[in-house]
Amino acid sequence: MSKYKDKDSGVALVSFNAKWVSWAHTAIAYTAFLSALAVGMYLHFHKIVKNQYYGYPDEWFPSVSATIGDRYPERSFFQIFIAITSGPRFALVALWYLLTARPGNNLPKFVAAMGLFRTFTCGGWTYVTSTDDHDWHDIFMISYLVATIPWTAGCLLLSPPNAKAIKYRRYIATAFFATIIPMVYFFIQHKIHRVPGAYTTYSFFEWSLILYDVAFDAVTALDFDTFEIIVKDVNGLSKGRRSPSPSAVAIEKRKTKSAAGVAAARFMWSELFDIATDVYHGYVFWSMLTSMGILIWYFPLWHMGISGYEAFILSTISPLFLGIKSIRTFVQRNLRFFHLLSLSGILAWKVTNPAYRLCAVGFGVSMACLAWAATLASKSAQEGQLESKLLAWMLGLALSSSMKFAWRTNNPIWPIMNADNGGHNDLGLALAVLATFRFTRRVPVTSGSPPNSDKGNGSSFLAALGFSGLLFGLHSLLSDTSTMILWVWEGYPVRGPLSAPHGWFTMAAMSSGLLAGIYRPELVSTWTMYGIGCIGAAILTLHANWFGYYGALVVAFYFTSISIPFLTATSQKSTAITFGLGYFIYNLLVLFHVWVVAYAFVPGGPLVREHTDWVMITTMLLVGAGVFNITTRNARSHKIQSPSTRYRHRKYSILALGIINIFFLMTAYARFPTYDYRPYHEESKVLTAGIWTIHFSLDNDMWSSEYRIRDLIRELEIDVIGLLESDLQRIIMGNRDTTQILAEELGMYVDYGPGPHKHTWGAALLSKFPIVNSTHHLLPSPVGELAPAIHATLDAYGELVDVFVFHSGQEEDPEDRRLQAEYLSKLMGSSPRPSILLSYLVTRPKKGNYNTYVSQTSGMHDVDPSDWDRWCEYILYKRLQRVGYARVSRSTITDTELQVAKFVVPTGAWKKEKVAAINSDADTRNRKTTESEVPAGWRFPAIFRGKGVFDERASEAKQNEER
């Protein structure tokens, strides 16, 4: 019976305390899981500990899903008890809402909705097991885990002033989220590296999450002790009618302070909509800025040198015009008009002519830089409104990076995208128009410093230097989360992060840095933090694998943490100098970081050849100038400007940042590689290999060509393909990675090859066969551009086969090409295994360096010595049975053809001896036969006969088949 007496005309409607709802929920939930575990371990131990790779004794503890979903009767134990849990669960959510509800505060409603959503999705993954429907089971499970984040955060923010309950919630929540990191690590060890026993360790962390999840909700028993069912709150907390005790007031103040005041402000949907539109408008800016380089790059590709269109890079310096008073006044009075003009950069996808499309984007970027600079300058006297716009700009970058991750390094509203290659330009434009109108709304001035109050502090020139370094760092390293991961990539076996799923670590570092810059500007603006940022940049530049990536995370944190202090200082000085000059210096950095690899085609290029380290040093020196500016400025004003009383826009910005991270995590889960790839003709032991120069994934009409490349590779049933001119991880190429799209769409392992800071045009390898080992080589290039090569060992039908992917230097540097031919010939000759060279050699058949590549030193044979119509691309092989060769026109996808060869991998001593005998005699090796004499599994697809597929590709396939 209740121990409370009726007070103040209150009526007790039930006779037990509400804490028993929490205890019932805890006991039944634990019973559901632990009973299934006990029954499963007793009845089916060896079966539930077995996974796709290993069983007992390598694996000796089952995962949660194997325990609760795979077998009877443990599955029934779990389902029965979890169904009983639903009653206390719904009651717990309802009681929590009644406890935390306050007039005018919508956050408790949102948290309650998340609690109900988690309850329903729990039923989903409980009763739809992975055996029943793997996809729907995963959808429910992902939804449940995603909803756990706002539920946990909301409960922490809304906790009543109960010191013990708050302490337990923090400890348990910290343990829950900290457990996710090692759990993901051991899952990758199991899934990717196939480490025996890793799945058992993963399972312990997975079970720990279950225990923490239930324990977190069990803490409500400490809060519900003040409740009786239904509904009487003896302390008056639920309606705020009674004044809490002094100790409770003190606890509440501490909790509010620790939550940075986020929970104290009222929640309004209109303000959330305002932040959402502002963030989207920031996303539109970054989408246009990151797209312009790709369109400019298209023209020097075709001209093989300076084209003149590079002048469009100066589109960004339009804020210089704000130095003219009449123009500045006109722009600031018509901000909506100029922001709308900037949308021509999004509308540009409608323009088919490449030159005109570049003009449209250049105009859009020019107007966007002008309008944003004028907007920030106009808000410089209202610190709260200025911070809100700056947060929208930075969150726009985070959203842009997340969208690129979801679209596998393409942006769906770029002008190189359309409905055929994954673009959503029409929807993006419609939302951009709506966001622009909302972004340029008039907001009443509530508070702020007097106009021009900061004009005497700091230096406009130093602010411009700091802004240029910051903008270049954000654009070159953080506009795509895979960029720095590929900087530290060194091949197989995997010793560092992968673009998917580890890209979220970069996003997490960016998010943490942004929050630190908001709430601790006095900390991140110091020379100590600058020194830490420089150390991170040095580690990223000089080291590889996980250690190098740790430096990348420091860089991501530092650049985003200083963004708000830097941009605040930039906005409060002379706009024409800070933004106009800042963008100009940023453009010089963009050219600098392209010159280091394009040195063979640009004036003065050899002076900066292969000096990415100089680019990084210059960037950090410019950032240092910005640090000097804000530290001097702050010393003169005696404080760091931090509008600590303006929490409203921060609350919604943090919510937006959380949603972006949740979206990223959901995408990362969906993109997690399956590694269950199979070759096209496994029954015939055929390996189909190809080589293709993909021209940086831009087709002849300046559209992104990844989907068309994918389709052709799939239609030709290629198992192993080398891609050249494939490194797109620079500003001028959009910071893209074509291999991500191809590997995931085609189901292939991928080696990106030498990373972006190795100064090559790129060489990549995709394979249906597991890549056992790979090493990257930079071949001798004393004069011309660097020549990249990959030496990979594949597990093809149980046999180890070496594949070399190589791009030789250009025609103008004969000595480079001679040295490279000797190097690669020796490298191929050092392999005793069956080998394939997929290459771009820049030589005529049977002339010059050809005779070095095809020689006794290398042991390699030409796939078709009679094909005289080749110049650059060649396929060579040894110790394999060649059964087919084809050259396929690229149509308008690239400016080079795709060459394909079919090989049978010899297995067994007898087969290897037969292949060796065939290869030893040139006449036997190159003998041709009719297609009818060739087994069906050895033939090229029939759709490539005649005019090819859909009359688009003219097939030049020659069936040079042999038995």
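Per the numbering used here, the very first residue in the sequence shown carries number 883; after that it's consecutive. From the three backbone atoms N, C-alpha and C, an ideal C-beta is built for every residue, glycine too.
- In the three-state reduction of the DSSP assignment, F1822 falls in the coil class.
- Approximately 7 Å separates the beta-carbon atoms of L1598 and P1823; this is inside 8 Å, confirming the contact.
- Around the CB of F1546, 16 or more other CB atoms lie within 10 Å, so the residue is classed as buried.
- Taking 8 Å as the cut-off, the beta carbon of M1276 is found closer than this to the beta carbon of S1445.
- Assigned with DSSP and collapsed to three states, D1308 falls in helix.
- The closest CA to that of A1798, considering only V1786, L1762 and K1784, is found on L1762.
- By the C-beta criterion, the segment 1409-1425 is judged to be in contact with the segment 1498-1516, since at least 3 inter-stretch pairs fall below 8 Å.
- Taking all protein chains shown into account, I1188 has fewer than 16 neighbouring C-beta atoms within 10 Å of its C-beta and is therefore exposed.
- In the DSSP assignment, the residues bridged to N1655 are T1675.
- Counted as a single uninterrupted DSSP element, the alpha helix (DSSP H) harbouring E1626 occupies residues T1620 to L1628.
- Annotation for W1792: the continuous alpha helix (DSSP H) segment containing it runs A1791 to S1802.
- Assignment of E1607 by DSSP, reduced to helix, strand and coil, places it in the coil class.
- Rounded to whole angstroms, the Cβ separation of T949 and E956 is 6 Å, and the two are in contact under 8 Å.
- DSSP lists V1786 as the beta-bridge partner residues of Q1763.
- According to the DSSP assignment, S1393 belongs to no beta strand (DSSP E) but to the alpha helix (DSSP H) extending over S1381 to Y1401.
- Counting C-beta atoms within 10 angstroms of its own C-beta, I1070 has 16 or more neighbours from the protein chains shown and is therefore classed as buried.
- In chain order, Q1763, T1806 and R1807 place their CB closer than 7 Å to the CB of I1800, counting only its own chain and leaving out the 5 sequence neighbours on each side.
- Remark: C-beta atoms of G1006 and W1369 do not approach each other more closely than 8 Å.
- The continuous beta strand (DSSP E) containing W1574 extends over residues V1568 to T1575.
- Of the candidates W1753, M1742 and L1701, W1753 places its Cα closest to the Cα of V1724.
- A Cβ-Cβ separation of about 7 Å places L1647 in contact with G1635 under the 8 Å criterion.
- With contact defined as three or more Cβ pairs closer than 8 Å, the segment 1550-1569 and the segment 1392-1400 are not in contact.
- As the crow flies, the alpha-carbon of W1033 is around 6 Å from that of G997.
- Residues of the same chain with a CB within less than 6 Å of the CB of R1618, apart from the 5 flanking positions on each side, are T1291 and L1610 in chain order.
- Pairwise C-beta distances place the segment 1234-1254 in contact with the segment 1171-1189, as three or more of them are shorter than 8 Å.
- Assigned with DSSP and collapsed to three states, N1339 falls in coil, not helix or strand.
- Counting other Cβ atoms within 10 Å of its Cβ, F1688 reaches 16 or more and is therefore classed as buried.
- Per the coordinates, the alpha-carbon of D1095 lies some 20 Å from the alpha-carbon of A900.
- In this structure the segment 1241-1261 lies against the segment 1224-1233, because at least three pairs of beta carbons, one per stretch, are closer than 8 Å.
- N1293 counts as buried, since no fewer than 16 other beta carbons sit within 10 angstroms of its beta carbon.
- In this structure, DSSP gives E1755 an extended state, which the three-state scheme calls strand.
- The segment 1347-1357 and the segment 1452-1469 touch, with three or more beta-carbon pairs separated by less than 8 Å.
- Within the model, the alpha-carbon separation for L1701 versus L1661 is close to 8 Å.
- Closest in C-alpha terms to P1488, from the list E1667, T1234 and T1549, comes E1667.
- Taking C-alpha positions only, R1210 is separated from D1105 by approximately 58 Å.
- By alpha-carbon distance to F1109, the top candidate from L1202, Y935, R1699 and W902 is W902.
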